[in-house]
Amino acid sequence: MSALDIRSASLAELEGLMREIGEPSYRASQVFSWIHKRYVNSFAEMTDLSLNLRQRLGERGRFSPVEMAGRSASKADDATKYLFALENNTIIESVFMRHGHGATVCVSTQAGCRMGCKFCASASEGLQRNLSAGEMCAQVYGAARDAGERRVSNVVLMGCGEPLDNYGASLRFIHLLCDARGFGLSQRSVTLSTCGLVPRIYALAEERLP
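Under our numbering, the first residue of the sequence shown carries the number 7, and numbering increases by one thereafter.
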């Protein structure tokens, strides 16, 4: 049995995991809160769970590593670009921007891109792989934590990759980010940028997201 990608898991999936290991369902809410409200990157940081439970969770689930590999602050405006290292030495970019109305994080949805837009550096080496929803969440949480900003007012899917070419994970990311029991961002504060995958645009419209 493959390990559950904990940061990508919905609350319902975490509740299912708790049932499987004989724990009450409220433990899932604790784990979900640790991930999406307190931005932890390991079970060891979930200090209100017993050591035994944390060990058992570590046997059934895993955090996909998303490590900060570099940062560069802009001298022209209040923005910071981050490089995040994923598994298999994959590197992606994210940007944290402060504005008068709040803070925005721009996230990558893929490592590389296969759309081939001539003006975009992401397409120069083609698509390496899709990112998971949890890897997208980790960009938001990592940038916010580094910037000392506990609240983010807007998130933009406009970094490396085409969000609609990674449709399922991008949609799961939006639902995770906007779950009121976790990060709690308004869906109206999320912008998805696309180069124009028309069938996926229609599919997204049918999701009836605000």
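For every residue, glycine included, the Cβ atom is placed at its ideal position computed from N, Cα and C.
None of the values given here were measured: they were computed from a predicted structure.
By Cβ distance, which residues of its chain are closer than 7 Å to residue i, with the 5 residues on each side in sequence left out?
i           : result
residue 172 : 115, 116, 136, 137
residue 21  : 31, 34
residue 66  : 9, 10, 23, 27
residue 38  : 17, 20, 187, 188
residue 178 : 14, 139
residue 75  : 89, 90, 91, 97
residue 141 : 70, 72, 92
Sort out for me which residues DSSP pairs residue i with in a bridge.
i           : result
residue 111 : 102, 161
residue 5   : Nothing about residue 5 can be read from this structure; the chain reaches only from 7 to 216.
residue 10  : 67
Keeping to the same chain, check which residues put their C-beta closer than 6 Å to that of residue i; ignore five residues upstream and five downstream.
i           : result
residue 127 : none
residue 153 : 102
residue 47  : 69
residue 194 : 216
residue 149 : 88, 100, 102, 111
residue 198 : 163, 169
residue 106 : none
residue 160 : 110, 195
residue 180 : 196
residue 147 : 45
Could you spell out the range, first to last residue, of the beta strand (DSSP E) harbouring residue i?
i           : result
residue 118 : 116-118
For the alpha helix (DSSP H) holding residue i, just list the boundary residues, first then last.
i          : result
residue 24 : 17-26
Leaving aside the five residues before and after residue i along the sequence, list all residues of the same chain whose C-beta is less than 8 Å from its C-beta, in chain order.
i           : result
residue 129 : 118, 119, 120, 121, 122, 123
residue 134 : 96, 116, 117, 118
residue 77  : 86, 87, 88, 89, 152
residue 200 : 168, 169, 170, 206, 207
- Could you give the uninterrupted runs of the beta strand (DSSP E) lying entirely in the stretch 131-207, keeping only those of 3 residues or more? 133-136, 160-163, 196-198
- Where in the stretch 42-92 do unbroken runs of the beta strand (DSSP E), each at least 3 residues long, occur, reported from the N-terminal end onward? 73-79, 85-91
- Message: Pairs of beta-carbons, one from the stretch 168-182 and one from the stretch 90-102, closer than 8 Å: are there three or more?
- Response: no
- Quick one: any contact between the stretch 77-95 and the stretch 45-62, if contact means 3 or more CB pairs under 8 Å? no
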